[in-house]
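Participant:
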Amino acid sequence: MGFRSILLVVLFVLVAGFAALNWAAFTASTTLSLGFTSVQAPLGLVMLALSAVLALVFLGFALYVQTTSLIESRKQMKTLQAQRELADKAESSRITHLQQSLEASFNRQAAQLEAHKAELTARIDRLEQTHAQHLTETSNGLSAALAELDDRIARKG
């Protein structure tokens with residue numbers, strides 16, 4: 001029970017106690033003017049009844065305001081929950097899209113790397129063949145020069 005509720009109960013008890021202690025004065029009949037006519041009635045009971053009706057009206061208004069705000073709060077909570085779920089789905093979609101994009105990029109990079117590797121391997125093979133050919137030509141040239149030198153030495157000697 002909140003502070004305000006306790007305060008209202010205490011005030012209600014005080015008013016009820018005051019009315020009980022002064023019941024004779026509350027029920028004493030007097031002439032009351034209603035503007036266009038006059039009536040005989042106990043002024044204390046009329047004022048007490050008007051105060052009770054006014055308290056009930058304010059209590060009803062407070063309940064109405066509280067109920068309205070509670071309903072509005074629940075609607076907003078449902079809307080926020082729906083928006084949160086929508087944002088989570090969108091975030092999940094973005095993460096999935098990013099993952100797919102990264103995978104595609106990695107696959108392209110891997111394909112390019114394989115293509116460069118194949119090209120480099122083919123180039124190295126061509127260079128090795130060219131190098132072997134040059135080596136063979138050089139070896140043949142040296143063999144021919146050595147054979148010619150051997151022939152010259154053999155003719156002179």
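Be aware that the sequence shown starts at 1, since it is given in our numbering, and climbs by one per residue.
Yeah, the Cβ is synthetic: ideal placement off N, Cα and C, and Gly gets one too.
1) Measuring only from the beta carbon, is Ser-29 closer than 8 Å to any heavy atom that is part of the ligand ATP?
2) Starting from Leu-34 and walking both ways along the alpha helix (DSSP H), at which residues does that stretch end?
3) Of all the options Ala-19, Gln-99, Asn-107, which has the alpha carbon lying nearest to the alpha carbon of Ala-52?
4) Just to confirm, are Leu-43 and Ala-28 a CB contact at a threshold of 9 Å?
5) Cβ of His-45 within 9 Å of Cβ of Ser-38?
6) List, from N- to C-terminal side, the beta strand (DSSP E) runs of 3 residues or more that fit wholly inside the segment 66-94.
7) Taking the alpha helix (DSSP H) that Ala-41 belongs to, which residues open and close that run?
8) Measure the CB-CB distance between Phe-26 and Leu-11 and report whether it falls below 9 Å.
9) Within the continuous alpha helix (DSSP H) that includes Gly-17, where are the two ends?
Facilitator: Result, derived from the coordinates:
1) Among the components modelled here there is no ligand, and therefore nothing to report on the ligand ATP.
2) Premise fails: Leu-34 is in no alpha helix (DSSP H) and is neither H nor E.
3) Ala-19
4) yes
5) Checking the sequence, you will find Leu at residue 45 rather than His. Contact flag unset, no.
6) none
7) No alpha helix (DSSP H) holds Ala-41; the beta strand (DSSP E) holding it covers 38-42.
8) no
9) 3-21
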